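Mapped onto our numbering, the consecutive letters of the sequence shown carry residue numbers 16 to 95.
Working notes for the structure below.
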Amino acid sequence: MISFVRFATSWMDGASSKFSAISIAFVFRLVWLLAFFMYDLVVCFLFFHLLFQHVFSLLLEFFDEQAELFVPLLSLFDSC
């Protein structure tokens, strides 16, 4: 956090070139970590999306094949 504050104030103070290089390296690492984190989020989202889509399609296929077993249960709700 202190490095970020120094980086933010270095532009106003006219900091030395050494500190500017450190600041640029810090920003580069921060951007790289953010990009890696976003990549991780996208990959995890796609993986779980495809997994759940496959599971739900299997469940729908199962219930579609077994629909005649659930007809008596549906008639109970129709009487209400």
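Cβ atoms here follow ideal geometry from the backbone N, Cα and C, with glycine treated the same way.
Every value quoted in this text rests on a predicted model; they were computed, and no experiment measured them.
*asked:* Suppose you measure from the CA of F62 to the CA of L56; what does that come to, to the nearest Å?
replied: Looking at the two C-alpha atoms, the distance is approximately 10 Å.
*asked:* Between the alpha carbons of L74 and R44, how many angstroms are there, rounded?
replied: 44 Å
*Do you know offhand how far V42's Cα is from V70's?*
42 Å
*Would DSSP call Q68 helix, strand or coil?*
helix
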